[in-house]
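For the record, the sequence lines run as chains A and B.
Under UniProt numbering, the first residue of the first sequence carries the number 1, and numbering increases by one thereafter.
Under UniProt numbering, the first residue of the second sequence carries the number 1, and numbering increases by one thereafter.
Report on one structure; see the data block that follows.
There are 2 protein chains.
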Amino acid sequence: MGLKSFIEVHPDSHFPIQNLPFGIFKPEPASDPRPGVAIGDHVLDLAAISSAGLFDGPVLKSSDCFIQPNLNKFLGLGRPAWKEARATIQKLLSSTEPALRDNASLRQKALVPMDKVEMLVPIAIGDYTDFFSSMHHAKNCGTIFRGPENPIPANWFHLPIAYHGRASSIVISGTDIVRPRGQGHPAGNSPPYFGPSQKLDFELEMAAVVGPGNELGKPIDVNEAADHIFGVVLMNDWSARDIQAWEYVPLGPFLGKSFGTTVSPWIVTLDALEPFVCDAPKQNPPPLPYLAETISKNYDISLEVRIKPAGEEHGHVVTKSNFKHLYWTLTQQLAHHTINGCNLRPGDLLGTGTISGPEPESYGCLLELTWNGQNQLSLGGTNRKFLEDGDEVIFTGCSKGNGYNVGFGTCSGKILPSPL
Amino acid sequence: MGLKSFIEVHPDSHFPIQNLPFGIFKPEPASDPRPGVAIGDHVLDLAAISSAGLFDGPVLKSSDCFIQPNLNKFLGLGRPAWKEARATIQKLLSSTEPALRDNASLRQKALVPMDKVEMLVPIAIGDYTDFFSSMHHAKNCGTIFRGPENPIPANWFHLPIAYHGRASSIVISGTDIVRPRGQGHPAGNSPPYFGPSQKLDFELEMAAVVGPGNELGKPIDVNEAADHIFGVVLMNDWSARDIQAWEYVPLGPFLGKSFGTTVSPWIVTLDALEPFVCDAPKQNPPPLPYLAETISKNYDISLEVRIKPAGEEHGHVVTKSNFKHLYWTLTQQLAHHTINGCNLRPGDLLGTGTISGPEPESYGCLLELTWNGQNQLSLGGTNRKFLEDGDEVIFTGCSKGNGYNVGFGTCSGKILPSPL
Ligand SMILES: [Ca+2]
Ligand SMILES: [Ca+2]
Ligand SMILES: [Mg+2]
Ligand SMILES: [Mg+2]
Ligand code: NI
Numbered sequence: 001m002g003l004k005s006f007i008e009v010h011p012d013s014h015f016p017i018q019n020l021p022f023g024i025f026k027p028e029p030a031s032d033p034r035p036g037v038a039i040g041d042h043v044l045d046l047a048a049i050s051s052a053g054l055f056d057g058p059v060l061k062s063s064d065c066f067i068q069p070n071l072n073k074f075l076g077l078g079r080p081a082w083k084e085a086r087a088t089i090q091k092l093l094s095s096t097e098p099a100l101r102d103n104a105s106l107r108q109k110a111l112v113p114m115d116k117v118e119m120l121v122p123i124a125i126g127d128y129t130d131f132f133s134s135m136h137h138a139k140n141c142g143t144i145f146r147g148p149e150n151p152i153p154a155n156w157f158h159l160p161i162a163y164h165g166r167a168s169s170i171v172i173s174g175t176d177i178v179r180p181r182g183q184g185h186p187a188g189n190s191p192p193y194f195g196p197s198q199k200l201d202f203e204l205e206m207a208a209v210v211g212p213g214n215e216l217g218k219p220i221d222v223n224e225a226a227d228h229i230f231g232v233v234l235m236n237d238w239s240a241r242d243i244q245a246w247e248y249v250p251l252g253p254f255l256g257k258s259f260g261t262t263v264s265p266w267i268v269t270l271d272a273l274e275p276f277v278c279d280a281p282k283q284n285p286p287p288l289p290y291l292a293e294t295i296s297k298n299y300d301i302s303l304e305v306r307i308k309p310a311g312e313e314h315g316h317v318v319t320k321s322n323f324k325h326l327y328w329t330l331t332q333q334l335a336h337h338t339i340n341g342c343n344l345r346p347g348d349l350l351g352t353g354t355i356s357g358p359e360p361e362s363y364g365c366l367l368e369l370t371w372n373g374q375n376q377l378s379l380g381g382t383n384r385k386f387l388e389d390g391d392e393v394i395f396t397g398c399s400k401g402n403g404y405n406v407g408f409g410t411c412s413g414k415i416l417p418s419p420l
Numbered sequence: 001m002g003l004k005s006f007i008e009v010h011p012d013s014h015f016p017i018q019n020l021p022f023g024i025f026k027p028e029p030a031s032d033p034r035p036g037v038a039i040g041d042h043v044l045d046l047a048a049i050s051s052a053g054l055f056d057g058p059v060l061k062s063s064d065c066f067i068q069p070n071l072n073k074f075l076g077l078g079r080p081a082w083k084e085a086r087a088t089i090q091k092l093l094s095s096t097e098p099a100l101r102d103n104a105s106l107r108q109k110a111l112v113p114m115d116k117v118e119m120l121v122p123i124a125i126g127d128y129t130d131f132f133s134s135m136h137h138a139k140n141c142g143t144i145f146r147g148p149e150n151p152i153p154a155n156w157f158h159l160p161i162a163y164h165g166r167a168s169s170i171v172i173s174g175t176d177i178v179r180p181r182g183q184g185h186p187a188g189n190s191p192p193y194f195g196p197s198q199k200l201d202f203e204l205e206m207a208a209v210v211g212p213g214n215e216l217g218k219p220i221d222v223n224e225a226a227d228h229i230f231g232v233v234l235m236n237d238w239s240a241r242d243i244q245a246w247e248y249v250p251l252g253p254f255l256g257k258s259f260g261t262t263v264s265p266w267i268v269t270l271d272a273l274e275p276f277v278c279d280a281p282k283q284n285p286p287p288l289p290y291l292a293e294t295i296s297k298n299y300d301i302s303l304e305v306r307i308k309p310a311g312e313e314h315g316h317v318v319t320k321s322n323f324k325h326l327y328w329t330l331t332q333q334l335a336h337h338t339i340n341g342c343n344l345r346p347g348d349l350l351g352t353g354t355i356s357g358p359e360p361e362s363y364g365c366l367l368e369l370t371w372n373g374q375n376q377l378s379l380g381g382t383n384r385k386f387l388e389d390g391d392e393v394i395f396t397g398c399s400k401g402n403g404y405n406v407g408f409g410t411c412s413g414k415i416l417p418s419p420l
């Protein structure tokens, strides 16, 4: 590993000096939100570092991108700014650099214990898109809803299918989720019923955070798409399967999804994930030229979901998956999104879709894990078909390096009962 | 009519003193964007009126809601502010009120000829939703795509179907639209093709502009929904039918829509439309209680679409429809949108869906008018199945009062060829 911080970082920590993910935090309840970077169990206050004049590289020297309530301005500056920020922060935090290490008053101001801060959604999200990029998820859902003959729609292998999601209801990890009410429909000709969702589910996803956007009418080339992606977060696309199943023909998911989507607070950069690059699956049929990339990258990121029923101490692991199972890459998703001229903006969020692996223990939602409620899932002493009020769902994600982790922390939310 | 302005307004004008729609404009290319109200062929500069201290009612007296680059702050203030603003402006512009009429220097500053100003999208749109509320449109599309047996999906009569749209690509009337490229699919088992859309279409829609929003998890009652709607604009939901047909299973329209959506610059308020209220269609089956409203209102707004081929002087009328044909009301759309707890925010846009009437001459898009290209539509000397490069599509909307109009002006856009 080599690189070491003067701040003590536990070997199990998700946030060593090799990671340096970006977020937005409030050091005190009354403080203004500001950018920060996670280091061990501390947050480095980038507004304080910036005000102290320590961002002295050519791109960031005279920028106010860290004196902002969200990361959008920094994201819009693009890869040169990101590289410079990472290099500056990595140097400042290293064990051999005295500028911060030996400045007690700046350390006091700029390093805040993580358990004292409030984390916020780190970006102003202009548009949120959710893809459908796991073949295993597509196959399982298709089999459940449309039967085992041709479970995967004909278009699926030709384009990364996606839908526009709801931006307003994206919330930060730790926010409670109110069980949605809505219409469902029993089989046959009976009328729809109305009430609290009876099939509340999570979806294990990750999401790319867009950096520089593109002008309306000007697509982004797939081989340049990586320069438009700042990093990745964990995302729980909470889903009400009964509402979704009744409403989604012919225009897709709407109220079955829009009641809440939870993101993790720390955006792990593609630079930090570079050591964990792996080959993307071979695509057959070969993609059309606008989706055919010179280098097709996935990332080896272990993902885990726990459910913690009300009153219990610990969560029970219900699935283990990995980002590398995705069929369509992040760069293909982004290039496809813009091929029609659609403009992306800094801070846009591109969900991967549920990340299911090939084995039943790696399925990314309860719909698949219980096969639409046909089976029970054991949580030690109790069982689940779908989520119950009081259940807390906790995602973690982590890439294991040689003696260090590049992790995402957690992405969690607890289910509250529907209003009466 | 009675009410009269000291500003001369032609009897055919869409913008007499009875209307007073709100927009955002720049008086000069280098000016800051600011709120304005249309009066005849002038724009009243609300920033100038506000700075002159003429908004002297209790709600607006000390508000900076008109010193803003968009209307969101004003929209968020709700109906008391909207009523007060309308009363103040109507009084200021009336023939009997001297405050503005007899103040030459203020008139000079605050009344700008409409043909000199640049209009902008009047709201920062956090989320854009498109409904599917015309039964005739649903029936025609269903017949074209899925055949004449059960063309309308079973859920359609139970809930206002909708999908999340793309907010970033919403543009103001007059903006050119680049023909999107994308994948289409011929019949049978052949592979998809890629190229400029061969079935580019318009969709004649209107859209409600949301005022005060709601907290996540707290639905809005259908009988209170009108207080959350500020007004209405014309909207062209440009659609690439070949891209849409291939991509939309199972998650709905995506790139077939997201390349551009055009809105008209003037938001006509529900207060101005009140004289044109008419009964909404009787709904059978009766809606579930959360959608059953005490008073179900539609509006009598005549709509017309012209296509003007490149090089021609005038457009040819291709359809005449009316807002009153919608099956689901604006208030039902809004209540449904929030019933799962989804939060709306000021400035959100809720499209009605294509407004088709019962007769073939009132269909709201070329897909229906040419029955997916099976028939030709005559534009005088030339014919159309779908839109050609250089075509300009012009929507108008107007309610006819007793001696005056409450109109929407136009919503237009011209098709540019795809990039190579
Ligand atoms: Ca999803
Ligand atoms: Ca539409
Ligand atoms: Mg969601
Ligand atoms: Mg559109
Ligand atoms: Ni400390």
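We treat Cβ as the ideally placed atom computed from N, Cα and C, and that holds for glycine.
Note that the coordinates shown come from a computational prediction; the quantities given were computed from them, not determined experimentally.
Between residue i and residue j, how many whole angstroms is the CB-CB distance? I'm expecting something under 8 Å.
i, j, result
"residue 228 of chain A", "residue 77 of chain A", "Rounded, the Cβ-Cβ distance is 12 Å, inconsistent with contact."
"residue 233 of chain B", "residue 408 of chain B", "7 Å"
"residue 47 of chain B", "residue 67 of chain B", "6 Å"
"residue 264 of chain A", "residue 173 of chain A", "5 Å"
"residue 406 of chain A", "residue 18 of chain A", "6 Å"
"residue 25 of chain A", "residue 43 of chain A", "6 Å"
"residue 293 of chain A", "residue 331 of chain A", "6 Å"
Any idea which residues DSSP pairs residue i with across the strands?
i, result
"residue 5 of chain B", "B/94"
"residue 306 of chain B", "B/317 and B/394"
"residue 298 of chain B", "B/278"
"residue 87 of chain B", "In DSSP, residue 87 of chain B forms no bridge with anything."
"residue 209 of chain B", "B/231 and B/349"
Need the endpoints of the beta strand (DSSP E) that residue i sits in, please.
i, result
"residue 194 of chain B", "193-196"
"residue 230 of chain B", "229-236"
"residue 335 of chain B", "No beta strand (DSSP E) contains residue 335 of chain B, which is instead part of the alpha helix (DSSP H) from 330-338."
"residue 128 of chain A", "128-131"
"residue 155 of chain B", "Where residue 155 of chain B is concerned, there is no enclosing beta strand (DSSP E), given that its DSSP letter is neither H nor E."
"residue 183 of chain A", "181-184"
"residue 262 of chain A", "261-263"
"residue 410 of chain A", "405-416"
"residue 267 of chain A", "Here residue 267 of chain A belongs to no beta strand (DSSP E), and DSSP marks it neither H nor E."
What residue range is occupied by the uninterrupted alpha helix (DSSP H) comprising residue i?
i, result
"residue 141 of chain B", "135-146"
"residue 105 of chain A", "104-110"
"residue 243 of chain A", "241-247"
"residue 272 of chain A", "270-273"
| request: List in chain order: all unbroken alpha helix (DSSP H) runs of 4+ residues lying wholly within the stretch 351-402 of chain B. | output: Within the stretch 351-402 of chain B, the complete alpha helix (DSSP H) runs of at least 4 residues are 366-369.
| Relative to chain B, which residues along the UniProt domain "Fumarylacetoacetase N-terminal" (18-122) of chain A have a C-beta separation below 9 Å, given in chain order? | From the UniProt domain "Fumarylacetoacetase N-terminal" (18-122) of chain A, no residue has a Cβ closer than 9 Å to chain B.
| Which residues, taken in chain order from the stretch 129-149 of chain B, show a beta carbon closer than 7 Å to some beta carbon of chain A? | So the close ones are 132.
| request: Kindly provide the ranges of any alpha helix (DSSP H) runs that are 4 or more residues long and lie completely inside the stretch 48-78 of chain B, ordered along the chain. | output: Unbroken alpha helix (DSSP H) stretches of 4 residues or longer found wholly inside the stretch 48-78 of chain B: 72-77, given in chain order.
| field | Against chain A: residues of the stretch 270-281 of chain B by CB proximity under 8 Å | value | Within the stretch 270-281 of chain B, no residue has a Cβ that lies closer than 8 Å to any Cβ of chain A.
| task | Scan the stretch 337-360 of chain B for residues whose Cβ lies nearer than 8 Å to a Cβ of chain A and list them as they occur along the chain. | result | Of all residues in the stretch 337-360 of chain B, the ones placed with a Cβ closer than 8 Å to any Cβ belonging to chain A are 337, 339, 340, 341, 342, 343, 344, 345 and 348, in chain order.
| query | What are the residues of the stretch 155-167 of chain B that lie near chain A, defined by any Cβ-Cβ distance shorter than 8 Å? | reply | Residues are counted here when their Cβ sits less than 8 Å from a Cβ of chain A; for the stretch 155-167 of chain B these are 155, 158, 159, 161, 162, 163, 164, 165, 166 and 167, given in chain order.
| If contact means a Cβ-Cβ distance below 9 Å, which residues of the stretch 235-256 of chain B contact chain A? | Closer than 9 Å at the C-beta level to chain A, one finds these residues of the stretch 235-256 of chain B: 240, 243, 246, 247, 248, 249, 250, 251, 252, 253, 254, 255 and 256.
| Name the residues in the stretch 200-220 of chain B whose C-beta lies less than 7 Å from a C-beta of chain A; which are they? | Listed in sequence order: 216 and 217.
| Given a limit of 8 Å on CB to CB distance, which residues of the stretch 363-389 of chain B reach chain A? | So the list is empty, because no residue satisfies the distance condition.
| request: May I ask you to list, following chain order, the residues of the stretch 285-301 of chain A that have a beta carbon less than 8 Å from some beta carbon of chain B? | output: The stretch 285-301 of chain A vs chain B, Cβ under 8 Å: 285, 288, 289 and 290.
| Near-chain B residues of the stretch 168-180 of chain A - C-beta to any C-beta below 9 Å | Result list: 168, 169, 171, 175, 176, 177, 178, 179 and 180.
| What residues from the stretch 183-194 of chain A come within 8 Å of chain B, judged by C-beta to C-beta, listed N to C? | Contact residues of the stretch 183-194 of chain A toward chain B are 183, 185, 191, 192 and 194 (C-beta to C-beta distance below 8 Å).
| said: Closer than 9 Å between beta carbons: that is the criterion. Which residues of the stretch 256-267 of chain A meet it against chain B? | reply: Taking 9 Å as the Cβ-Cβ cut-off, the stretch 256-267 of chain A approaches chain B at 256, 257, 258, 259 and 260, given in chain order.
| field | Against chain A: residues of the stretch 314-338 of chain B by CB proximity under 8 Å | value | Within the stretch 314-338 of chain B, the qualifying residues are 336 and 337.
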